[in-house]
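S.K.: Residue numbers (my numbering): 883 to 1050. Every residue gets a Cβ at the ideal spot worked out from N, C-alpha and C, and that includes glycine. Mind looking over this structure? Questions follow.
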Amino acid sequence: MSPGLTLPAQIGRALRPVLRLVGPVLDGSVVQGRGSQAPVVVCPASPALVRSQVGASCAVYVAWDSRRGCRYVGSVCRQGPGAVGNRLAEHYAHPRTGVVRRAAWTLLTVLPLADQTALEVVRNAEGWTARLLNPADGSAHPRVDLAQTPAALALNVSRRAQSAPPMC
883 MSPGLTLPAQ IGRALRPVLR LVGPVLDGSV VQGRGSQAPV VVCPASPALV
933 RSQVGASCAV YVAWDSRRGC RYVGSVCRQG PGAVGNRLAE HYAHPRTGVV
983 RRAAWTLLTV LPLADQTALE VVRNAEGWTA RLLNPADGSA HPRVDLAQTP
1033 AALALNVSRR AQSAPPMC
């Protein structure tokens, strides 16, 4: 949890099924020392504040409005620790939707993933999160195979990587 900001109860309840499903692939080390809560970073939906509080380069993020309704679910997997804040800034700079998003998105919850998480696992975690939270904004979420949880997919990706022949 972010220092000074606690997870609002209503958002915590909404995230419970997400954390049960996506929890096995989250990187708790990113939020170590922030209490015994689930590995969720909570911060105001400001790119500068997100950059200062979120060190993960791969993550699923959820934007919430002032009534604690889920507005948007997205994911990012980029180089560098400012990835989530940079992606939020891109959302806000969008010529058609940026102004509306800046006004509506008041809080961001970030579910950090390990920096080397495979992109297909990141997208799967985003798809499941969107399916479970049903955000008001955005509809271009990755499709999910209902039999393929993020943890199962991560295990399959790991097995494929281990069984691949060595590159010479």
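1. Kindly indicate the opening and closing residues of the alpha helix (DSSP H) around T1011.
2. Use the C-beta contact count for D1027: other C-beta atoms within 10 angstroms, 16 or more gives buried, fewer gives exposed.
3. Could you check the C-alpha separation between G915 and A971 for me, to the nearest Å?
4. Please state whether DSSP places A1022 in a helix, a strand or coil.
5. Considering only C-alpha positions, which residue in the set L989, G980 and S948 is nearest to V923?
6. Looking only at its chain, what residues have a beta carbon closer than 6 Å to the beta carbon of R984, apart from the 5 residues adjacent to it on each side?
7. Keeping to the same chain, check which residues put their C-beta closer than 8 Å to that of A1036; ignore five residues upstream and five downstream.
8. Taking the Cβ atom as the reference point for each residue, do P899 and Y954 lie within a distance shorter than 9 Å?
9. The beta strand (DSSP E) spanning G956 covers which residue range?
10. Along the chain, where does the alpha helix (DSSP H) containing A975 start, and where does it finish?
11. Determine whether the beta carbon atoms of A941 and V958 lie at a separation below 9 Å.
12. Should A1022 go down as buried or exposed, given a rule of 16 or more other Cβ atoms within 10 Å for buried?
13. So is R895 buried or exposed if we call it buried at 16+ other beta carbons inside 10 Å?
14. With burial defined as no fewer than 16 other Cβ atoms inside 10 Å of the residue's Cβ, what is the status of V966: buried or exposed?
15. Near G1009, what residues of its chain come up, given a Cβ to Cβ distance below 8 Å and the 5 sequence neighbours on each side ignored?
M.R.: Reading from the atomic positions:
1. Note, T1011: alpha helix (DSSP H), L1001 to L1015.
2. So D1027 counts as exposed.
3. With a pLDDT of only 44 at G915, under 50, the local geometry of the prediction cannot be trusted, and the value read off the model is given with reservation. Rounded to the nearest angstrom, the two C-alpha atoms are 27 Å apart.
4. A1022: coil per DSSP, three-state reduction.
5. Here the closest residue by C-alpha is L989.
6. So the qualifying residues of the chain are Y974.
7. So the qualifying residues of the chain are P906, V907, T999, A1000 and V1003.
8. Contact flag unset, no.
9. G956 -> beta strand (DSSP E) spans C952 to C959.
10. Judged by DSSP secondary structure, A975 falls within the alpha helix (DSSP H) whose first and last residues are A965 to A975.
11. Yes, the pair counts as a contact, with Cβ atoms nearer than the cut-off.
12. A1022 comes out exposed.
13. So R895 ends up on the exposed side.
14. With 16 or more other CB atoms across the displayed protein chains lying within 10 angstroms of its CB, V966 is buried.
15. Cβ neighbours of G1009 beyond the five flanking positions: H1023, P1024, R1025 and V1026.
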